[in-house]
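Step one of this worksheet: look at the structure below.
Chains as they are written, first to last, in the numbering used here: chain A, -4 to 785; chain B, 34 to 184.
Below you can see the structure in the form of structure tokens.
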């Protein structure tokens, strides 16, 4: 190893060494009698001195030497290790940091010793003599963030695996050269190898999460000392691995949360004793891996959330209205601390209270698709913050959409639903809105909204993707969905970074590049309103409340909002009567059956109700309003709602009644769709429905077979191949088995990647045809072919 | 041949013949996989995929002439101080050699393409701007920042 290399290594690892030494010093301060901890600190200081001397950094060496002298006195028992001495030793490390920064910028150690370093040396010398000293102040930023190390340390087995993989790829390459074409087995092998290669490279980027909290022991010590608190920091799960890039993003939010524990959570020892707690407060930091994510918690055993103060503050700052706050659960109230400009600290200080901490932390996490929640366990028992971040940013679960002849990538974490747009587009003034599940969402058209930062009316037809980011929800008008899966994220070229609406870009299978839309920033830029809190959204879905629409059918009636698709003004011209006397109402050029048609004379409004694929109309006199009522009161029957007697209608009855008379609709048949991914079912169902099919969804093979055994009959079955428990092939065999009621039903396989080998296996198992997922056109053509054959 | 003379690639964009130092040109490619980028700064048409590297594609017709190009068929992959761009141009022609003294400053009342060039050269009775990649990239970035900071 050349001296230059050693020098470079030393400089790039210096901060890490300083942080390690800091953590050791802080530990030692808490247990001064621990001889082993003292020996470790001494050894670290000694080796630091040696390295500095070896590399010819005289000033660094002198500081390390002075620190070692002081430690040596402590080790020999001549001096006690007082908090002031620890502060001085930490200051010595800061002094060394300053010198290292100078070396990094100028390439050499400047000879001239600045006055603060002189003072530091004098103080260290005095301390080692047992004399009094004053702490020098060094021009180092408080709570400095650790410098991101330019060196990426990779475990050696990663390289071994990479080497092995590249060897195997070379073998495939040679075979390719000889054969001059690739056969199916070769293609499969190649696919597997490249996938392994990708996984291995990603693994190489993983770092232990403790890298993100190395600077915290010192931070906690300094801040606690400054605030007169007695606090200890405990960590667990620091070895959990995380992508380097994610690590860089979470470093500040973690530090913010720890600062927050010190400024808001932990009480002085006196108060703690009075509350029956140990005098020393604990900040507990933990990390664990969970399903492609890493969960990091920061908790303390302090006074916990003052929910009343949070409510007051939220009201005072206008973050939420009294009505909104009234329905919030405790967890939701605690969540308000992440709102912009929220701070309950009575005094603005060094630690917190500027109201920029937690909201900034939440925004930083959101920028990488992470989340943060606050949990008040019990009053007076501390606070828990839970962060969830993706394991890596290099791969992104994504949805590929087309809009205006262009292709865009949406992060799957931002996509809630995918639905047809027809009939649901309305206008609030000039602004287009999309009516979805009882809520009007701003409707943005891609790609125009990227450019114009405005809500632009979309063209007719097509689909809508409901997207959500940081408490903003909107609908994006798109032409269609092409594909969903994991993509490799590439950075946006510098000249395009100011656009501010892209997260990155991706290369598609056909080689074309596509931009990844930053949904959060797009919605913010288009002025999509931020919901005060999750309240507006979660309240009706929460277990104990249900949102209902009340209306007048000659008496007050009610229905769950979830079945109401739209409310329109009743138009007599749209009323049609069939020859058998059945009544229909024309809506979007479709004739919808009218239920309870005798109920109302002279209706003024008509409710379009929807359940699964069925739509019916319910004319009514007036609309009274939308209220949240306890779920048990939302069951069918007579109730007092808002002080008036009302009938909650039985939804099933409205639709069943129609089912018997709905022969006239444009119905191509009933399809059973089996797929374990609710997301995929959500994508495919609207496509099939739009093509005129009625769709029933089963999440797994067992529930599909149970449908069969309970007499369920379908015109066609579409099944995924790869599913947990029982897969599509086993399902096909069960369907085709002797005596199965579905023996003759056409069976279609959907697979993410169907090779010829898969196809032949599928056909042998009993599938009639194979379709690749997201090949929408082929799917619809195949469906109609099969139907004609049948 | 003069030692300090340099080679220049002649190309046309928006009907204007221009020159760019061969030393700044990495390669010339026919059509590359391309995607437009909404909200990109003026003059940046989108992105291209050059064998796995994604580069911003500059619409040279727009930058030189002020009109978006419809007939750009070639990509000149050019280096602006370590950052690569694809220049979308209509045709690529000869490589010509100019001695440094043949490069002249911009004539007074610099036309639109002063944005992209600091020097001109005369070739077959035509005045050609000599594209300065660094200047071009800086100007686009500066314009984008102004655009971005506007409310």
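The C-beta atom is built at its ideal place from N, Cα and C for all residues, glycine as well.
Residue-level contact to chain A via CB, residue i, 9 Å cutoff
| i | result |
| --- | --- |
| residue 85/B | yes |
| residue 94/B | no |
| residue 97/B | no |
| residue 116/B | yes |
| residue 44/B | no |
| residue 109/B | no |
| residue 41/B | no |
| residue 80/B | yes |
| residue 133/B | no |
| residue 122/B | no |
| residue 148/B | no |
When the options are compared against residue i, the one with the closest alpha-carbon
| i | options | result |
| --- | --- | --- |
| residue 74/B | 65/A, 236/A and 492/A | 492/A |
| residue 155/B | 50/B, 45/B and 46/B | 50/B |
| residue 244/A | 314/A, 200/A, 231/A and 359/A | 359/A |
| residue 295/A | 272/A, 308/A, 283/A and 256/A | 256/A |
| residue 664/A | 710/A, 695/A and 705/A | 710/A |
| residue 65/A | 20/A, 399/A, 105/A and 120/A | 120/A |
| residue 258/A | 646/A, 220/A and 240/A | 220/A |
| residue 226/A | 239/A, 745/A, 214/A and 236/A | 214/A |
| residue 50/A | 12/A, 0/A, 630/A and 713/A | 0/A |
| residue 441/A | 151/A, 465/A, 553/A and 405/A | 405/A |
| residue 773/A | 415/A, 22/A, 161/A and 686/A | 686/A |
| residue 151/A | 650/A, 198/A, 165/A and 306/A | 198/A |
| residue 584/A | 482/A, 596/A, 577/A and 571/A | 571/A |
In DSSP terms, what residue i is bridged to
| i | result |
| --- | --- |
| residue 739/A | The partner list for residue 739/A (beta bridge, DSSP) is empty, contrary to what the question assumes. |
| residue 525/A | Beta-bridge pairing links residue 525/A to no other residue. |
| residue 95/B | Bridge partners of residue 95/B: none, in fact. |
| residue 185/A | Answer by DSSP bridge pairing: none, since residue 185/A is not bridged. |
| residue 156/B | 159/B |
| residue 125/B | 44/B |
| residue 427/A | 422/A |
DSSP state of residue i mapped onto helix, strand, coil
| i | result |
| --- | --- |
| residue 126/A | coil |
| residue 709/A | coil |
| residue 675/A | helix |
| residue 163/A | helix |
| residue 613/A | strand |
| residue 496/A | coil |
| residue 107/B | strand |
| residue 173/B | helix |
| residue 726/A | helix |
| residue 550/A | coil |
| residue 540/A | strand |
| residue 630/A | coil |
| residue 132/A | coil |
| residue 156/A | helix |
| residue 65/B | coil |
Distance between beta carbons of residue j and residue i, contact taken as under 8 Å
| i | j | result |
| --- | --- | --- |
| residue 302/A | residue 325/A | 6 Å |
| residue 73/A | residue 116/A | The Cβ separation is near 20 Å, so there is no contact. |
| residue 435/A | residue 423/A | 7 Å |
| residue 281/A | residue 234/A | The pair is not a contact, with the Cβ atoms about 12 Å apart (cut-off 8 Å). |
| residue 167/A | residue 188/A | 7 Å |
| residue 242/A | residue 204/A | 7 Å |
| residue 746/A | residue 726/A | Actually they are not in contact, since the Cβ atoms of residue 746/A and residue 726/A sit about 13 Å apart, beyond 8 Å. |
| residue 487/A | residue 506/A | Residue 487/A to residue 506/A, Cβ: 18 Å. No contact. |
| residue 713/A | residue 668/A | 5 Å |
| residue 120/B | residue 109/B | 4 Å |
| residue 40/B | residue 55/B | 4 Å |
Short CB-CB distance (under 9 Å) between residue i and chain B
| i | result |
| --- | --- |
| residue 522/A | no |
| residue 421/A | no |
| residue 507/A | yes |
| residue 442/A | yes |
| residue 149/A | no |
| residue 490/A | yes |
| residue 657/A | With a pLDDT of 40 at residue 657/A, under the threshold of 50, the predicted position of this residue should be treated as unreliable, and no value is reported. |
| residue 390/A | no |
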